[in-house]
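In what follows, a single structure is set out as structure tokens and then discussed.
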Amino acid sequence: MSSKLKYISRKTNWIIIEGAGGWFTPISKIKRISDWVLKENIPIILVVGIKLGCINHALLTVEVIKKTGLVLKGWIANNINIKTIWHNEYINTLKNNLCINFLGEIPYLNKNNKKSFLIYIM
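Counting in our numbering, the sequence shown runs from 7 upward without gaps.
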């Protein structure tokens, strides 16, 4: 992955790397995505899937990442489901407790929606 990152870095001004699965997701028998991100010293944008349990999960993830010394640029709310009655409470609680920049919110996009998610965060 590191060699591909270096190759792509020479060809563009910026790169988005999706770490699907979470900070401690295994990428081999002995390595996690977090090991690779630390090795490459990659700044992080946390994407929080808005659902039951997201507040605890996001707070734990931010705490662990901050202990590494990596730069946490901010967080994005990703509505992985149609909004629930608790949506605003989830978002406001996260905004008040994460202590990192809120960069935007991606609405629920069904698979037939061709809009790019980037229009919601850039």
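Note that the Cβ used here is the ideal one computed from N, Cα and C, for glycine as well. These numbers were taken from a predicted model, which means no experiment stands behind them.
Residue i versus residue j - alpha carbon distance
i	j	result
T31	K73	18 Å
N205	G27	The requested residue 205 is not part of the displayed model; the chain covers only 7 to 128.
Y13	I33	20 Å
K45	M7	11 Å
H63	I106	15 Å
I39	W29	6 Å
V70	I36	19 Å
Residue-chain proximity (residue i, chain B), Cβ-Cβ < 7 Å
i	result
I21	Absent here is chain B; the protein component of the structure consists of one chain.
Within 7 Å, strictly: CB atoms of residue i and residue j
i	j	result
G55	N84	yes
F108	K101	yes
8 Å contact criterion, which residue i and residue j should meet: CB distance rounded
i	j	result
G110	I86	About 15 Å separates the two Cβ atoms, so there is no contact after all.
C60	Y96	6 Å
Is there contact between the stretch 44 to 56 and the stretch 69 to 86, where contact requires at least three CB pairs shorter than 8 Å? Yes, they touch.
Could you tell me which uninterrupted beta strand (DSSP E) segments, each at least 3 residues in length, are contained entirely in the stretch 39 to 85, listed from first to last along the chain? 50 to 55 and 78 to 84
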